[in-house]
Structures are given as structure tokens and as C-alpha cells.
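Asks: I have a structure I would like to understand better, so I am pasting it below and will then ask my questions one at a time.
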Amino acid sequence: ENKKVTAGVLGILLGSFGVHKFYLGYQKEGIIQLIVTLITCGLGGIVGFIEGIIYLTKSDEEFYQTYQVGKKPWF
Numbered sequence: 559e560n561k562k563v564t565a566g567v568l569g570i571l572l573g574s575f576g577v578h579k580f581y582l583g584y585q586k587e588g589i590i591q592l593i594v595t596l597i598t599c600g601l602g603g604i605v606g607f608i609e610g611i612i613y614l615t616k617s618d619e620e621f622y623q624t625y626q627v628g629k630k631p632w633f
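Every letter in the sequence shown is one number past the one before it in this note's numbering, and letter 33, counting from 1, is 591.
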């Protein structure tokens with residue numbers, strides 16, 4: 559099951575809270591994203607936004623291999 563579009567949209571809209579990380583099964587990274595956002599008064603959301611764009615611009619196969627099979631946690 560390819561979760562690319564949902565993860566990308568979650569990254570763009572709710573990336574500051576790490577929702578896209580939790581959705582993909584990256585619990586530790588989601589918590590880190592949330593803490594960074596809280597400590598930096600929201601600037602951590604930039605990472606989520608960028609990741610959302612990266613997710614959406616990858617091909618379905620590349621996304622699947624990188625983030626679902628390979629479990630690459632960041633970017």
C-alpha cells in the first residue's frame with residue numbers, strides 16, 4: 559500500500575506536529591519533530607513542509623522503496 563499522497567499532504571499541512579512521521583510509522587522521529595517545533599516556536603514545521611513536498615515529488619515506486627521498505631527517517 560502506497561501512502562505517498564496522504565503522507566505528503568499531512569507533511570505540508572500538519573508537518574510541524576510530526577503527523578506525517580507518525581502516519582508512516584516513525585514514532586521516534588514524530589516525537590522529535592514535535593519537540594523541535596515546540597522548542598523553536600513552530601520553526602520545526604519547515605522541515606515537515608519540505609518533507610511533504612519531497613514525498614509528493616517522488617515517484618510512487620521511489621517513495622515506496624525509500625520510506626516504506628527502506629524506512630529512511632528524514633528527508
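All C-beta atoms, glycine included, are put in the ideal place defined by N, C-alpha and C.
Measure how close the beta-carbons of Lys579 and Gln626 come, nearest whole angstrom, since I'm counting them as under 8 Å.
Replies: In fact, because the Cβ distance is near 13 Å, the residues do not count as touching under 8 Å.
Asks: Relative to the C-alpha of Lys629, which candidate in Thr615, Ile612 and Leu582 has its C-alpha closest?
Replies: Leu582
Asks: Hey, would you say Phe607 sits closer than 8 Å to Leu592, going by beta carbons?
Replies: no
Asks: When the distance is taken between beta carbons, is Gly569 closer than 8 Å to Tyr613?
Replies: yes
Asks: In whole angstroms, what separates the C-alpha of Ala565 from that of Thr598?
Replies: 23 Å
Asks: Cα separation between Tyr584 and Trp632?
Replies: 10 Å
Asks: May I ask you to report which of helix, strand or coil DSSP gives Lys562?
Replies: helix
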